[in-house]
Ligand code: SF4
Ligand code: SF4
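Residue numbers (our numbering): 6 to 378.
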């Protein structure tokens, strides 16, 4: 095999103009301090030139989320092009994408009319009055082809893989679809395969390999409960694509809610996640006691109703965000003239029931970390 390989070697000339190749123009500052100060130099392999003082704001070990979105790596050879006419709006392509680089978009007719020509749309099935488009980020796609492969459009594939340079004009359409189109209430049942893809993925553009088999599942969990998720992560693939410094693919929605994530060691993740769960449980029980004590006294009707509703459903996942927001709003009304209201208001981070997860690979889960489970 080695001899055959040697026989097969051919010379490839280096293009002459490489001799004069210069640096690309410096990219404009993003306005995100972390990105401009740390992410950009680290991605240029200039992290060792950063002074220790540059990390002063992150000395407790936390890094901001949502920074993978700034990398725009453009590593695909081919990326999918959406064929609107044959698309049946099943959302399976978005479901399987490991990098959340293809997403269904729902637009009002006005938003659709203002959209770039590279973001065509047609009436949405199951969402009356809205227009449907499938938006693709050519600079975040890794070119795995999973979306095109899974597409079940009966007449002809509604996704066709094409060279990256022919699709770069879709980058502006992607930006429009993600930044200018207003988030919509999900018109479908989010517990269906099609419906869940209208929820924002809170894991996007990770450094996972093209075609990664586990990120679509992690992404799916973030679409279901990501706005209140707390993740303990073993060391392994999930920690490498989950937080490869300097970028963080876990992100947040327009309200600033998203998964919190941390990694300890390889073998202790069950205990690590259990510790997080017990810590939050203890804190929420303390808040429950505060609520019970308040309910023993005389209270305005709206405050009493919000406290009672919260307490009765304290450990129910469904509707926890809405109950937490209702309680926060009513406490805001009274906190300036009521010490107990102000003290409870200060604990509002515990109003939402968190969704605890422990992520790890087979080595951790079957073997070394199993004792902890
Ligand atoms: S080719 Fe792969 S990474 Fe690109 S959009 Fe399709 S599934 Fe996502
Ligand atoms: S998988 Fe194909 S048919 Fe289904 S939404 Fe995506 S492009 Fe359209």
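All residues carry an ideal CB built from backbone N, CA and C; glycine is no exception. Since the structure is predicted, the reported quantities are computational estimates derived from the model, not experimental observations.
Between the alpha carbons of residue 336 and residue 168 lies a gap of roughly 55 Å. The three-state secondary structure of residue 359, taken from DSSP, is coil. Exposed is the label assigned to residue 134, since fewer than 16 other Cβ atoms lie within 10 Å of its Cβ. With a cut-off of 7 Å, the C-beta of residue 201 is classified as distant from ligand 2, since no heavy atom of the ligand falls inside that distance.
Following the DSSP letters along the chain, one finds residue 264 in no beta strand (DSSP E), marked with neither H nor E.
Closer than 7 Å to some heavy atom of ligand 2: that describes the Cβ of residue 156. Look at residue 11 here: in three-state DSSP terms it is helix. Between the C-alpha atoms of residue 269 and residue 241 there is a straight-line separation of about 11 Å.
The beta-carbon separation of residue 267 and residue 238, rounded to 7 Å, stays under the 8 Å limit for a contact.
DSSP, read as helix, strand or coil, puts residue 142 in coil. Taken from the Cβ of residue 107, at least one heavy atom of ligand 1 lies inside 7 Å.
Sorting 72, 182 and 35 by C-alpha distance to the C-alpha of residue 122 places 182 at the top. Here DSSP, grouped into helix, strand and coil, assigns residue 77 to coil. The closest heavy atom of ligand 2 lies 7 Å or more from the beta carbon of residue 191.
In the structure shown, residue 107 falls within a strand segment according to DSSP collapsed to helix, strand and coil.
Bridge pairing for residue 86: 165 [DSSP].
With a cutoff of 8 Å on beta-carbon distance, residue 321 and residue 286 are scored as not near each other. A distance below 7 Å between beta-carbons, with the five flanking residues on each side excluded, links residue 124 to the following residues of its chain, in chain order: 138, 140, 178, 181 and 182. The beta carbons of residue 207 and residue 257 sit about 7 Å from each other, so the pair counts as a contact at 8 Å. Taking C-beta separations shorter than 7 Å and ignoring five residues to either side along the sequence, the partners of residue 70 in its chain run 253, 255, 256, 257 and 263, following chain order.
Residue 299 is a Cβ neighbour of residue 312, given a cutoff of 8 Å. Contact between residue 185 and residue 74 does not hold, since the beta-carbon distance rounds to 15 Å and is not under 8 Å.
Looking only at 16, 347, 153 and 306, the smallest Cα-Cα distance to residue 101 is reached by 153. The nearest non-hydrogen atom of ligand 1 is less than 7 Å from the C-beta of residue 151. In the three-state reduction of the DSSP assignment, residue 253 falls in the coil class, being assigned neither a helical nor a strand state. Collapsing the DSSP output to three states places residue 208 in a strand.
Cβ-Cβ distances below 7 Å link residue 368 to 241 in the same chain, with the five nearest sequence neighbours on each side left out; the list follows chain order. Judged by pairs of C-beta atoms under 8 Å, the stretch 27-44 touches the stretch 73-87, as three or more such pairs exist.
Cβ atoms of residue 227 and residue 160 stay farther apart than 8 Å, at about 33 Å. Burial check for residue 277: the Cβ neighbour count within 10 Å reaches 16 or more, so the residue is buried.
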